[in-house]
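Each residue of the sequence shown is one higher than the last, beginning at 1 in UniProt numbering. Input: a single structure, listed below in structure tokens.
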Amino acid sequence: MLYLSAMVKCCTGGFLLMPPAYVCVLVTLLDTRTAPGELKWAASPSEGGWEEVSIMDEKNIPIRTYQVCNVLEPSQNNWLRTDWIPRSGAQRVYVEVKFTLRDCNSLPGVTGTCKETFNLYYHESNDDKESYIKESSFIKVDTVAADESYPDRIMKLNTEVRDVKVTTRKGFYLAFQDVGACIALVSVRVFYKTCPLTVRNLATFPDTVTGADTSSLVEVRGSCVNQSEERDEPKMYCGADGEWLVPIGGCLCIPGYEEKNGACKACPVGFYKAKSPDPGCAKCPPHSYALTESISSMCKAIIPTVPILYTEPPSAPQQLISVVNKTSVVLEWSPPRRLGGAATPATSITDSGSQLCLPCDSDVLFAPGQNGLATTRVVVSELRAHTHYTFIVQALNGVSQVSGAGAPQSVSVTVTTNQAATDVTRHSLALAWQQPDRPNGVILEYEVKFYEKDQKERSYRIMRTFSQSVDVAGLSPLTVYVFHVRARTAAGYGEFSTPFEFSTNSDPFPLIGEGVNSAFLLLSISGLGILLLISAAVFIITRRRSKYSKTKQESEEEKHLNPGVKIYVDPFTYEDPDQAIHEFTKEIDVNSIHIERVIGMGEFGEVCSGRLRLQGKREIYVAIKSLKAGYSDKQRRDFLAEASIMGQFEHPNIIRLEGVITRCKPLMIITEYMENGSLDAFLRVIHVIQLVGMLRGIASGMKYLSDMSYVHRDLAARNILVNSNLVCKVSDFGLSRVLDDDPTAAYTTREATGTYLSPGGKIPIRWTAPEAIAYRKFSTASDVWSYGIVMWEVVSYGERPYWDMNNQDVIKAIEDGYRLPAPMDCPVVLHQLMLDCWEKERAERPTFSQILNMLDKLIRNPGTLRRTGGDRYMRYYTLSSTWSMCAWLQSIGLERYRDTLAAAGYSSLDSLLTLTHQEMDRLGIITPSHQDILLTSVQHEMLSQMEHMQHTMVPV
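Written out as structure tokens, the structure reads:
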């Protein structure tokens, strides 16, 4: 019996991305608490298994439940199936089970037969008349365990929720399998989530059922509300949790209407709105009125019965002053003494640059305006740096156009930015300057022109630099020099800055100062020489004691001797994250971004694709990561830190940061768009030489990061992006910011994501080196371990590392020496490189320089990639010799059990297929992780070999 109902609830967890009206709606498909009468679900066996009973719930209301408690008999297999449940358009349903479960330790004589779990299954069907249970047709959802079991009569209620994808049939059945527990199903509720009817940006979005996957987003087009018209196509996305995300576009109220409370209301009497983009209804000007019907798109003028007489133009405004703030100017004045008539005159402002006195650029902004002003204060912004401006303020009245304008008031200002000279000596100085406010494209280089002031540009020198500073040497002592700077973009050189002057020093030793005698100077030089000798000795000793190979030494020497190598700067060393953002990233005008669609969900919010168009540059496709609403200060800091990290990197195999948007909400990070998404999702049947080329790109990017002394900590195929040319780029630099240095942090598992969560952050166990898991010792060597796992992911075409082993077993297996076997058809040289990356000792692992060299050799000699382990694996399955078993056990790190298995008659891999946990307990193989490795590895290898045989069979 099914009863449909709906109720509005706040979704569990996270922050609300919208106001309360945007939270999800839960539509209930089944609730046993509200079902009248008996449930009469199908049970198998019909006797001695699940039994329907009536009980009182916590509110003393009678409800129907099912219970079973066959804990004395072994091998229980009791099934309970619900009635047919129509999915009513749902694509993913949620099953909430409330139950009690008896603690097996409290029941005497049930050792080995009592269980504390049950299994949940489902079966999609168009038929609501199925009268029997067919176990093989059901798909397992999960094994459900109790958080709290009870040892006596005081029952403890457990609540578990599981989600199920239902998309192929009109409805479905649920089934509960008992395998020997003492359990009572108190209630079962089945529901799905929808995004509710809502209005956003004057567009109505209907009730929408969420998508089939937990990360899916359903695109919905909105329709404009009454009395509005479309500005940009209104769209929103319905998230998997029933929340509306990413409003795009919207509608505008038509002329005569203004927005109020999500609707378009007519302008009141005396107000008007002439155009749709106008913000709201404005009051009609003096001597005019609006239509009484309130549909006011314009005002009609009133013909005055008594004309306003103007006898002369007004006098000039008084006391005009200006205040310069970087590239903006505040102008203020007092009204003119003589108005020239009864009305207050309007005011206008004209402006011009110096020298030729040309009108200012069209992008100069006047607030509140340039003409028709009724105020005595104006803010002028978007001015050019190093430019002289003259502003003229005039008062106008009714006869100004006839008799000529009144006297103007003018003021001249010079807009500049700061230049500074430091480390001034007799013959040199260090010069620094700021970037132009409007560079009109990416600045490629700066040109510095300087000359002695007395020469007056008759003889000058030119220097070029890529940075905003330069060291100028070869100057004359005690001389004044004049400097000009200009920038070059792809469009060419801009204008030189206004001149700025600095004088060299006359003191030959400015750092030592006056009064220092020659003996002290000699002693200082001698001390410096001794320090250099000690440094050289330490360097030689360190080189001799190094455990790295010659290739490593050469790469390190190149790194330290090359002055152009940058070092990564941790943005968390800045007290203010905005300072790091300003230093390492570029602010992008939000109007330059056009969002097109949502492509996924990130750690901080949704990820969209769109287009970026900057002035003077061609339009490009970009990915846009945004910070969801309701963020905390820590989330904002972490979000900006990721941008500050990416902004320091510039390499063809590292994801490129285009810029950030921090001056409006939501905060956004703009990166290059990678057409093929993440590597783990992209991997398909690709030629092995292409795989090696992709691995080479990843290694090149990681070498660049290691040269900058940056440790990634979360290198995995899911964090590698692939573009349309199959170029792999390292991305996702967020994990390092959430890991602390507390070695005693308590870890808890989260199997769904394959990570451990600690008070300091999350650790991806399957990709992390053992020393990083145990002692939180992250280094380039731990990144090399992760790179080996990425290699395995790539060569296995996206298979999950360590398959279905849980995190605890993975940790234990690695400690015992187990390493992932070679994937099917994996070249031997690639698997050997993986094993090298998985050396237990950090110092024994190769560097990224060595990995890069090895992959380059493989690409130049593709013949080395033809030898795979296929023949070796086939031999394991076809030979029954002790040697083949020994080799296989050695490859998985469990050769210690060779004699034990051989003595029990297990001499080949196919014989191991009959091995069970109970049999291994009898043989003395009692470590759970070793048992799981044996069973999982042999099944995986047999399956791989069967697939290999199918791919390589030739029809006769």
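C-beta: ideal position from N, C-alpha, C; glycine also.
Going by beta carbons, V485 and E447 fall inside the 9 angstroms limit.
Within the same chain, and ignoring the five residues on either side of I581 in sequence, the residues whose Cβ sits closer than 7 angstroms to its Cβ are L640, A643, S644, V660, T662. For L120, the beta-bridge partners assigned by DSSP are D142, F176. If you draw a straight line from the Cα of W79 to the Cα of E96, it comes to about 18 angstroms.
Between S700 and P652, the gap from beta carbon to beta carbon is short of 9 angstroms. For D707, the closest of A774, D232, D783 by C-alpha to C-alpha distance is D783. For the pair S223 and T210, the Cα-to-Cα distance works out to about 19 angstroms.
Counting only the Cα atoms, Y621 lies some 42 angstroms from I811.
Scanning its chain for C-beta atoms nearer than 6 angstroms, with the 5 sequence neighbours on each side dropped, one finds no residue around S467.
Annotation for D31: the continuous beta strand (DSSP E) segment containing it runs 25 to 31. V722 sits away from E658, with the two beta carbons spaced by 9 angstroms or more.
Below 8 angstroms, too few C-beta pairs join the region 144 to 158 and the region 74 to 91 to call them touching: fewer than three. Leaving aside the five residues that flank S137 on each side, the residues in its chain whose CB is nearer than 8 angstroms to its CB run, in chain order, H123. The alpha-carbon of E575 is positioned some 48 angstroms away from that of V688. For A623, the enclosing beta strand (DSSP E) begins and ends at 620 to 626. For P770, the enclosing alpha helix (DSSP H) stretches over residues 770 to 775.
In chain order, L923 place their CB closer than 7 angstroms to the CB of A904, counting only its own chain and leaving out the 5 sequence neighbours on each side.
Fewer than three beta-carbon pairs drawn from the region 765 to 774 and the region 891 to 909 are found closer than 8 angstroms, and the two stretches are therefore not classed as touching. When the alpha-carbon of K456 is set against those of W433, Y481, A473, the nearest one is in Y481. Looking at T168, G49, H930, the one whose alpha-carbon comes closest to that of V71 is G49. Sequence-distant partners of T167 (beyond 5 residues in either direction) whose C-beta falls short of 6 angstroms from its own C-beta, in its chain, are Q91, A212. Residue state for T780 is assigned as helix, using DSSP reduced to three classes.
For I63 and G89, the gap between their C-alpha atoms comes out near 29 angstroms. Between the alpha carbons of L373 and V393 lies a gap of roughly 11 angstroms. Counting only runs of at least 3 residues, the region 582 to 663 fully encloses the following beta strand (DSSP E) elements, listed from N- to C-terminal order: 593 to 601, 606 to 612, 620 to 626, 657 to 661. Collapsing the DSSP output to three states places V225 in coil. Sequence-distant Cβ neighbours of A813 in its own chain, meaning closer than 6 angstroms and more than five residues away, are S929, I933. About 23 angstroms separates the CB atoms of M805 and L833; that is not less than 8 angstroms, and the two are not in contact. Buried is the label assigned to K273, since at least 16 other Cβ atoms lie within 10 Å of its Cβ. Leaving aside the five residues that flank R637 on each side, the residues in its chain whose CB is nearer than 6 angstroms to its CB run, in chain order, P577. If you compare the alpha carbons of R766, V795, E799, P317 with that of W785, the shortest gap goes to R766. CA-CA distance, I321 to V378, rounds to 11 angstroms. Between K777 and V692, the alpha-carbon positions lie close to 29 angstroms from each other. Judged by their CB atoms, V246 and E603 are not nearer to each other than the 9 angstroms cut-off.
Residues E38, L39, R64, Y66 of the same chain have their beta carbon placed closer than 7 angstroms to that of E52, with the five preceding and five following residues left out of the count. Within the same chain, V480 come within 6 angstroms of S503 by CB-CB distance, once the 5 residues on both sides are set aside.
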